[in-house]
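Read the structure below first, then the notes.
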């Protein structure tokens with residue numbers, strides 16, 4: 003069934019739309035979810051979460067609430083069977099741009115986790131700016147870890163951890179404290195590296211039936227090059243290995259050559275998987 007676009011309306015979702023959102027996402031023809039720790043239904047009620055509908059029928063939805071405030075990641079896009087894919091995306095992006103611009107956001111960023119998403123992004127004025135490269139570690143001998151400098155991450159560490167993260171990365175890769183709280187809740191192992199009582203690095207790893215995933219690694223810039231990142235990765239590999247997780251994956255940016263060299267020096271190998279980053283910069 004096709005839907006005349008002249009009959010479409012677009013509105014902001016509210017918390018009362020949560021059940022309708024769950025049903026729509028379960029039956030959507032195409033669905034993009036951002037690679038992070040949030041669940042799609044948690045986005046309902048956040049702004050902007052826009053719904054394109056005909057009457058009361060959902061045709062498509064798109065969510066990109068800024069977090070941190072400078073970056074609006076495309077966290078969700080879904081379209082109903084029979085609804086036109088490219089016009090649906092274009093119409094929702096056109097509506098969302100002024101919304102995020104008013105919030106002080108300078109860019110909308112999207113990871114093209116599906117090949118069908120690339121032409122939609124390009125049609126809507128996005129351009130590729132980077133890539134995520136995936137690596138895998140399948141076991142092997144490990145150097146000993148200086149455990150005295152590494153301890154478990156605690157919830158009260160998060161403000162300091164977020165400050166390290168903000169200094170260690172450039173937009174759009176920085177995480178807010180809210181995102182790090184979600185990451186800590188989902189972690190199988192989260193650790194901080196301390197020097198003289200100060201957190202100068204951290205790692206967060208998750209676990210599944212497929213093995214471990216090093217979800218985040220950051221080191222205070224002025225302490226980079228001293229082996230702190232290496233110690234944190236070794237700590238994660240060793241600790242998770244004791245739990246029977248003898249495989250670990252990780253991803254990093256194509257332009258982050260020091261990170262790639264670190265993982266390769268520890269025996270990680272490229273998997274061949276890459277995800278392209280697209281961005282549309284806004285004039286604010």
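Residue numbers (the working numbering): 3 to 286.
Here a beta-carbon is modelled for each residue, glycine too, at the ideal position from N, C-alpha and C.
Cα-Cα separation between residue i and residue j, rounded to whole angstroms
i           : j           : result
residue 288 : residue 41  : The displayed coordinates of the chain run from 3 to 286. Any statement about residue 288 would go beyond what the structure contains.
residue 158 : residue 179 : 11 angstroms
residue 165 : residue 32  : 37 angstroms
residue 183 : residue 252 : 20 angstroms
residue 26  : residue 150 : 50 angstroms
residue 82  : residue 28  : 10 angstroms
residue 127 : residue 44  : 28 angstroms
residue 175 : residue 246 : 31 angstroms
residue 221 : residue 132 : 21 angstroms
residue 94  : residue 51  : 10 angstroms
residue 21  : residue 61  : 15 angstroms
residue 275 : residue 237 : 25 angstroms
Beta-carbon proximity list for residue i, same chain, < 7 angstroms, skipping 5 on both sides
i           : result
residue 3   : Unreliable placement is indicated for residue 3, whose pLDDT of 47 sits below 50; the coordinate value is still reported in the next sentence. Closer than 7 angstroms at the Cβ level, and outside the excluded window around residue 3, lie 84.
residue 115 : 34, 37, 277
Contact set for residue i: own chain, Cβ-Cβ below 6 angstroms, skip 5 residues either direction
i           : result
residue 261 : 254
residue 225 : 202
residue 79  : 34, 64
residue 130 : 278, 280
Closest residue to residue i among the options (Cα-Cα distance)
i           : options           : result
residue 240 : 166, 201, 143     : 143
residue 12  : 97, 45, 47, 121   : 97
residue 270 : 235, 280, 244     : 235
residue 105 : 49, 194, 274, 222 : 49
residue 231 : 181, 244, 87, 194 : 194
residue 177 : 163, 66, 248, 123 : 163
Beta-carbon contacts of residue i that lie in its chain and below 8 angstroms, excluding the five residues immediately before and after
i           : result
residue 186 : 155, 157, 160, 192, 206
residue 211 : none
residue 120 : 114, 278, 280
Neighbour-count burial assignment, residue i, 16 or more Cβ in a 10 Å radius
i           : result
residue 55  : buried
residue 283 : exposed
residue 167 : buried
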